[in-house]
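Single-structure report; data block below.
There are 4 protein chains.
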Amino acid sequence: MGGNSIGKQFTVTTWGESHGPAVGVVVDGCPAGIALSEAMIQVQLDRRRPGQSAISTQRMEGDVGVIMSGVFEGVTTGAPIHIMIKNMQAKSRDYEALKSLFRPSHADYGYQMKYGVRDWRGGGRSSARETACRVAAGAVARALLAPVGVDVFAHVISVKDIHAETFDRSQIEKNIVRCADAQAAQRMEELIMAARKDGDSVGGVIEARAEGAPAGLGEPVFDRLDADLAKALMSINAVKGVEIGSGFGAGLNFGSQNNDQMRMADGRPVFMSNNSGGIDGGISNGNTIIARLAVKPTPSILKEQMTINSSFEEATVKVEGRHDPCVLPRAAPVAEAMMLITLADHYLRHRSSRA
Amino acid sequence: MGGNSIGKQFTVTTWGESHGPAVGVVVDGCPAGIALSEAMIQVQLDRRRPGQSAISTQRMEGDVGVIMSGVFEGVTTGAPIHIMIKNMQAKSRDYEALKSLFRPSHADYGYQMKYGVRDWRGGGRSSARETACRVAAGAVARALLAPVGVDVFAHVISVKDIHAETFDRSQIEKNIVRCADAQAAQRMEELIMAARKDGDSVGGVIEARAEGAPAGLGEPVFDRLDADLAKALMSINAVKGVEIGSGFGAGLNFGSQNNDQMRMADGRPVFMSNNSGGIDGGISNGNTIIARLAVKPTPSILKEQMTINSSFEEATVKVEGRHDPCVLPRAAPVAEAMMLITLADHYLRHRSSRA
Amino acid sequence: MGGNSIGKQFTVTTWGESHGPAVGVVVDGCPAGIALSEAMIQVQLDRRRPGQSAISTQRMEGDVGVIMSGVFEGVTTGAPIHIMIKNMQAKSRDYEALKSLFRPSHADYGYQMKYGVRDWRGGGRSSARETACRVAAGAVARALLAPVGVDVFAHVISVKDIHAETFDRSQIEKNIVRCADAQAAQRMEELIMAARKDGDSVGGVIEARAEGAPAGLGEPVFDRLDADLAKALMSINAVKGVEIGSGFGAGLNFGSQNNDQMRMADGRPVFMSNNSGGIDGGISNGNTIIARLAVKPTPSILKEQMTINSSFEEATVKVEGRHDPCVLPRAAPVAEAMMLITLADHYLRHRSSRA
Amino acid sequence: MGGNSIGKQFTVTTWGESHGPAVGVVVDGCPAGIALSEAMIQVQLDRRRPGQSAISTQRMEGDVGVIMSGVFEGVTTGAPIHIMIKNMQAKSRDYEALKSLFRPSHADYGYQMKYGVRDWRGGGRSSARETACRVAAGAVARALLAPVGVDVFAHVISVKDIHAETFDRSQIEKNIVRCADAQAAQRMEELIMAARKDGDSVGGVIEARAEGAPAGLGEPVFDRLDADLAKALMSINAVKGVEIGSGFGAGLNFGSQNNDQMRMADGRPVFMSNNSGGIDGGISNGNTIIARLAVKPTPSILKEQMTINSSFEEATVKVEGRHDPCVLPRAAPVAEAMMLITLADHYLRHRSSRA
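Sequences listed follow chains D, C, F and W, in order. My numbering numbers the first residue of the first sequence as 613 and each following residue consecutively. My numbering numbers the first residue of the second sequence as 613 and each following residue consecutively. My numbering numbers the first residue of the third sequence as 613 and each following residue consecutively. My numbering numbers the first residue of the fourth sequence as 613 and each following residue consecutively.
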């Protein structure tokens with residue numbers, strides 16, 4: 613109960629620090645008989661890894677995921693699946709200067725207050741490196757859900773005040789921002805590069821969608837699908853908000869505008885809108901599931917900031933090193949992973965809904 | 613694991629349907645020795661109960677909370693605390709007409725798809741009546757946290773496009789909207805009354821704050837305080853979004869603007885801003901904890917809407933009956949309760965942080 | 613996490629003290645569509661209730677179980693099922709004398725050390741009255757499992773040094789000891805009456821069996837079916853030991869004697885013995901599941917005993933009142949209930965074993 | 613929820629198959645600030661490892677435990693502690709012959725029925741190799757509990773019909789049987805060697821004790837300390853029974869004999885006997901905690917046995933290879949580990965007992 617597990621049926625537990633020998637993840641509760649290979653995991657890890665483009669950190673980590681257990685002759689066995697990713701290029705010396713300083717809006721101060729000790733090397737446990745494990749577990753969830761028709765993807769819909777205005781899914785992986793609007797992507801990229809040049813950082817909004825999820829996922833009244841998605845997505849580093857469907861915009865509508873009315877089409881129920889984001893009363897309704905995540909600007913910036921040190925003295929800090937000026941492009945695969953993990957959990961839990 | 617429990621150490625389980633004999637809540641894991649009375653629970657239930665003002669539903673339910681176990685001679689004993697609230701005035705006949713219709717943007721359709729059966733009387737388990745149990749459990753959490761200095765309150769900051777522009781905490785309980793800006797409250801009230809008259813409904817945004825929470829609450833990496841708050845708040849009926857601190861606004865800042873820099877004042881660390889909403893890296897930092905909830909317009913409206921019935925035929929529906937044209941004023945105490953429950957859980961979990 | 617819940621998918625939470633207004637149980641995670649009536653619960657409660665025979669306590673409690681939620685038109689809805697049993701005849705005055713004394717081998721001293729406060733009326737939370745809730749929940753589990761062919765029953769196989777020597781299931785409910793050997797039952801009854809007359813008490817061994825449980829129940833490596841049965845059965849008041857199959861006798865065999873060899877019969881696998889008690893490697897093998905529980909003599913006896921009081925002074929105590937001189941006959945339905953709850957949990961968990 | 617975790621606050625999750633690249637364990641919820649080194653883990657792993665004496669399997673596995681996370685500069689940080697143990701000498705070819713045969717009284721048949729697939733190499737997940745992970749986690753629990761005075765040890769009290777008759781703790785680690793009676797140990801060893809020579813195996817009983825555990829550990833009513841110990845100990849491979857204190861012998865006493873009466877000595881409560889095994893009403897009373905485990909004879913024997921194969925045809929099987937003719941000496945450290953893990957969990961949970 614240290615808080616490093618998520619999911620009640622499809623349970624994901626991560627371990628590892630940024631500058632330790634490795635990070636890893638145990639997926640417990642995955643059914644037997646799912647086809648799973650390291651290649652299926654690697655393709656997702658590659659989408660998250662550092663150094664993949666000019667706008668991400670220039671650290672070059674291989675991020676090779678190795679399946680250590682739970683898979684035999686190409687299929688899952690029902691045993692816990694452990695995937696390990698060795699850490700490379702950990703330059704702890706870069707962090708010596710930060711050893712006793714609390715970086716503003718980082719986890720440093722909270723960890724120190726909580727535990728009294730702190731692995732300061734690269735952020736230790738609070739490093740975004742831990743999200744590689746989430747992506748690996750998300751790949752397992754994808755392997756479980758894809759055969760039943762669930763398709764999850766995420767894209768960047770705004771960076772600071774630049775918003776995507778068009779949606780072409782095929783564009784997402786074609787630009788380094790992961791934006792479905794190629795023109796907006798170009799402007800976002802320029803903004804990010806300018807922020808980096810200025811030693812600053814920018815944030816924005818990511819949207820994650822699940823198509824093909826069946827109606828009936830989610831458990832009243834606390835483990836609602838939207839509540840569990842909110843937790844899963846908010847648990848990603850730098851995320852400060854989550855909304856479902858019309859979200860904060862829902863409050864601007866009248867009820868008569870916001871309700872998703874229903875018709876039949878080709879013998880199947882259809883919704884005339886999707887303000888619910890595919891979830892009513894905490895249960896999926898068969899419509900596309902839509903969540904959006906607010907991502908703050910990376911707190912690691914080169915500009916000098918006021919802070920205190922671990923002796924509770926005032927100090928200043930500049931966070932040198934190789935940091936992403938904008939984490940959104942790399943956070944998109946993490947958002948997908950957390951949505952996949954949540955859906956996998958509820959997909960399995962749903963099996964107990966009826967006698 | 614049916615999903616009707618929340619909290620790992622301070623565990624809250626609710627039961628009961630809108631039109632059954634009663635609803636109730638079991639709080640397990642509350643420490644012994646906390647002073648707790650029915651009066652402390654009732655004062656909170658009264659803030660949530662129907663019929664309290666002209667803008668809430670005109671159902672008159674007493675909502676009397678009775679402590680059935682776990683308290684002896686005025687203090688908690690460590691045994692589970694069961695609080696029961698009898699249902700009054702349940703007019704199931706009002707719902708006969710809705711028996712086989714799925715009300716748009718309600719839980720009806722999802723429940724039917726999930727379970728194959730459905731208690732259609734008053735929404736059954738999906739009724740907001742269940743939130744009375746949350747408020748009762750929140751009162752227990754408050755009794756645990758108040759002696760250690762944690763003070764939680766919530767207020768309505770916008771109704772549709774009317775926003776509170778000033779903040780005076782003393783105003784909140786003085787107007788029926790629960791808005792800290794008395795003038796905005798007046799306009800909000802008028803808007804709500806107009807919506808009711810038109811057979812429509814409106815939504816908005818609630819803010820919940822916790823003052824006095826110590827630094828160190830929250831467990832990396834999944835059970836972060838913000839992640840657990842997001843889940844707890846998103847699990848409230850009609851909530852479609854949750855944000856912490858600058859939330860969706862964080863994305864509009866540069867990192868250098870968004871970071872909360874630190875100084876010392878009177879020998880204690882202070883933050884020069886609170887964009888983090890009191891939580892960094894998922895752990896409380898001692899600053900005021902701030903969360904905002906987007907609440908959709910009540911889906912129960914008098915206007916005719918298109919829908920389908922349980923035979924999958926097209927139909928229309930008007931949701932007659934006594935419904936809140938705007939649930940925000942009554943949802944504010946529920947938001948407080950969910951924040952209190954989450955903080956109580958992490959307050960106790962934090963006891964295991966150090967040797 | 614106060615410890616008052618058991619089961620991960622079929623989750624049972626009990627609340628209530630012996631001398632409070634009622635006791636109750638919430639079953640969460642029961643699938644929708646199970647036929648369930650109060651009569652199905654009552655028949656089991658009647659088998660456990662006090663005052664049912666000359667050898668049980670003479671307290672006369674009606675023990676009427678009322679379904680408060682989760683059932684609509686005769687079937688479960690998937691919502692939590694709350695069953696409440698009002699307390700009658702609670703004579704707290706009987707316990708005034710025991711208010712500050714720790715009864716030997718009772719929970720009194722432990723509760724005081726743990727919580728610092730204690731509801732001393734009738735044992736409070738530690739009273740065996742709580743087991744009525746388990747029996748009610750067991751009836752729900754039975755309603756889930758009976759349609760799939762699982763049949764659970766328990767019987768007393770020894771009282772002190774008197775052992776059942778024959779097994780005739782039809783005899784169990786025909787004698788007040790619940791022994792499958794009518795002649796042994798007669799001698800057991802005499803022994804119990806003699807112990808009562810002497811102000812003393814006796815214990816013994818109960819056997820619980822599940823016939824018809826499918827192979828495949830149980831989760832490696834900690835939530836093994838035998839491990840979860842051991843927990844469930846050991847959690848019953850006065851139980852001091854649990855064994856599966858040949859149990860403590862297994863150690864007296866050579867491996868070649870203890871192994872259950874397999875053959876085919878009528879196209880189905882059969883075991884040539886059942887030393888495993890139906891469970892190998894923590895997973896059911898389709899053979900009858902057999903568990904035995906060691907039950908200590910009731911610690912409440914009329915004889916004077918040495919003890920201390922809550923001021924840590926030496927004292928003596930005689931536990932007056934209406935106590936069972938032998939709890940085994942009434943504990944048998946509780947053992948059945950705990951086995952049923954455990955099997956129901958694993959029956960549902962097993963649904964996630966395969967893709 | 614695949615069943616590979618145990619403990620609610622001090623949570624232990626194991627992964628890995630016998631013939632995979634490694635096995636490992638994640639301990640989540642261990643407080644920060646505990647001194648922990650690989651040497652503290654290795655000393656325990658060495659007590660469990662194969663090949664340590666003439667009566668254990670002759671496989672020579674180094675069983676080197678490596679701390680991969682959660683420890684920084686010699687102390688725990690509050691982050692999950694991952695310990696990995698590489699597999700050596702995995703001779704999967706030995707198992708080719710058993711690929712489609714169900715070894716009697718092994719997990720083979722149950723796994724096949726449950727999952728439809730099975731890693732047959734060396735028993736895969738069901739191998740006792742997994743218990744190395746438990747021993748590693750137990751060493752972490754010991755590091756947490758030793759500074760507060762809790763001392764756990766286990767010893768073999770019977771092998772088949774040979775019983776220890778004296779108790780001298782200092783003898784336990786001096787003989788290869790781990791028996792506290794040196795003379796009985798000699799006879800046990802001879803019996804084990806004779807069984808091996810005959811291609812057979814023997815079982816017996818282990819006793820585990822915790823001295824110095826404070827009163828107050830255990831949570832009513834399901835997560836009782838004895839119930840959780842029963843689960844933890846029953847979850848060990850080959851264990852078929854668990855008893856606490858006088859256990860199955862309790863039923864042979866009158867209540868007046870079985871009750872542990874209390875006196876004061878040197879200002880502290882003392883018990884005049886320990887039939888309760890240190891636990892009353894599920895809560896520790898400060899007396900020595902005593903549990904005994906029935907261990908069946910190793911099912912892997914060289915003698916020919918009847919079985920069926922995975923095509924459901926009758927067959928015979930001889931389990932060749934390097935198996936322990938008696939697992940008790942190596943199971944004793946595993947029993948200690950499971951007792952330590954359970955106590956660590958309840959030690960931390962107890963921190964929430966009082967306001």
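Idealized CB from N, CA, C, for every residue including glycine. Given the structure is predicted, the values throughout are model-derived calculations rather than measurements.
Along chain D, in chain order, which residues have C-beta atoms closer than 8 Å to that of H718 of chain C? D892 and G893
Does the beta-carbon distance from V817 of chain F to I895 of chain F come in below 7 Å? no
Could you say which of C:V851, C:M725 and C:K711 lies nearest to A947 of chain C if we only look at CA atoms? C:V851
Can you list, in chain order, the residues of its chain with a C-beta nearer than 7 Å to that of M652 of chain W? Leave out the 5 residues immediately preceding and following it. If the five residues before and after M652 of chain W are omitted, its C-beta is found closer than 7 Å to the C-beta atoms of A751 and A755, all from its own chain and listed in chain order.
Assign R971 of chain D to one of three DSSP states: helix, strand, or coil. Chain D is shown only over 613 to 967; residue 971 of chain D falls outside these bounds and no answer can be derived.
Look up N601 of chain C in the DSSP assignment and say whether it is helix, strand or coil. Any question about residue 601 of chain C goes unanswered here, given that chain C covers just 613 to 967.
Confirm, please, whether the CB-CB distance from S813 of chain F to G867 of chain W is below 7 Å. In this structure, G867 of chain W places its C-beta atom within 7 Å of the C-beta atom of S813 of chain F.
From what residue to what residue does the alpha helix (DSSP H) around T743 of chain W run? Per DSSP, T743 of chain W belongs to the alpha helix (DSSP H) from T743 to L757.
Who does M874 of chain D pair with in a DSSP beta bridge? D:F883
Should D780 of chain F go down as buried or exposed, given a rule of 16 or more other Cβ atoms within 10 Å for buried? exposed
Cα separation between K843 of chain F and V854 of chain W? 10 Å
Between the stretch 625-652 of chain W and chain D, which residues of the former have CB atoms less than 9 Å from a CB of the latter, in chain order? T625, T626, W627, G628, E629, G632, P633, A634, V635, G636, V638, V639, D640, G641, C642, P643, A644 and G645
Three-state secondary structure assigned by DSSP to S630 of chain W: coil
Range of the contiguous beta strand (DSSP E) that encloses I856 of chain W: V851 to I856
Which residues, in order along the stretch 661-689 of chain F, keep a beta-carbon less than 7 Å from a beta-carbon of chain W? none
Could you tell me whether the stretch 706-716 of chain C touches the stretch 729-744 of chain F, where touching means 3 or more Cβ pairs closer than 8 Å? no
Close-in-space but distant-in-sequence residues of the same chain around N899 of chain D (CB under 6 Å, 5 per side omitted): F883, N886 and G890
Listing by chain order, which chain C residues have their CB less than 8 Å from the CB of S965 of chain W? P643, A644 and G690
Please confirm whether D936 of chain F has its beta-carbon closer than 7 Å to some beta-carbon of chain W. No, its Cβ sits nowhere closer than 7 Å to a Cβ of chain W.
What residues from chain F crowd round H694 of chain C, counting only those whose CB sits closer than 8 Å? W627, G628 and G636
R1000 of chain D and F765 of chain D look like a contact to me (Cβ under 8 Å); what is the Cβ gap, rounded to whole Å? A question about residue 1000 of chain D goes unanswered here, because the residues of chain D that appear run from 613 up to 967.
Check the Cβ-Cβ distances between Q798 of chain D and every residue of chain F, and say whether any is below 7 Å. no
Can you grab the Cα-Cα spacing for the pair G677 of chain C / K698 of chain C, in whole Å? 8 Å
In whole angstroms, give me the CA-to-CA distance for G632 of chain W and F684 of chain D. 9 Å
From what residue to what residue does the beta strand (DSSP E) around G816 of chain D run? Here the beta strand (DSSP E) through G816 of chain D covers G816 to E823.
Is any heavy atom in the ligand ADP found nearer than 6 Å to the beta carbon of G641 of chain C? Annotation note on the ligand ADP: not contained in the displayed structure, which lists no ligands.
To test your reading of the DSSP string, which unbroken beta strand (DSSP E) runs of 3 or more residues are found completely within the stretch 889-916 of chain W? 901-907
Identify the contact partners of Y727 of chain C in chain F, using a Cβ-Cβ distance below 7 Å as the criterion. For a Cβ distance threshold of 7 Å, residue set A644, T689 and G690 of chain F lies close to Y727 of chain C, ordered along the chain.
Going along chain D, which residues have a C-beta under 9 Å from Q621 of chain W? M613 and G614
If contact means a Cβ-Cβ distance below 9 Å, which residues of the stretch 938-967 of chain F contact chain D? Hits within the stretch, in order: L960, R961, R963, S964, S965, R966 and A967.
Quick one: Cα of I788 of chain D to Cα of A753 of chain D, how far? About 25 Å.
Shorter than 7 Å from the beta carbon of M805 of chain C to some beta carbon of chain D? no
Classify Q656 of chain W: buried if its beta carbon has 16 or more other beta carbons within 10 angstroms, exposed otherwise. buried
Beta-carbon proximity check, T689 of chain W vs A647 of chain W, cutoff 7 Å: no
In angstroms with no decimal places, state the Cα-to-Cα distance between R640 of chain F and R963 of chain F. The question names Arg, yet the displayed sequence has Asp at residue 640 of chain F. For D640 of chain F and R963 of chain F, the distance between alpha carbons rounds to 17 Å.
Limits of the alpha helix (DSSP H) - the one that I801 of chain C falls within: The sequence shown places Glu at residue 801 of chain C, rather than the Ile named in the question. Its alpha helix (DSSP H) spans residues A794 to K809.
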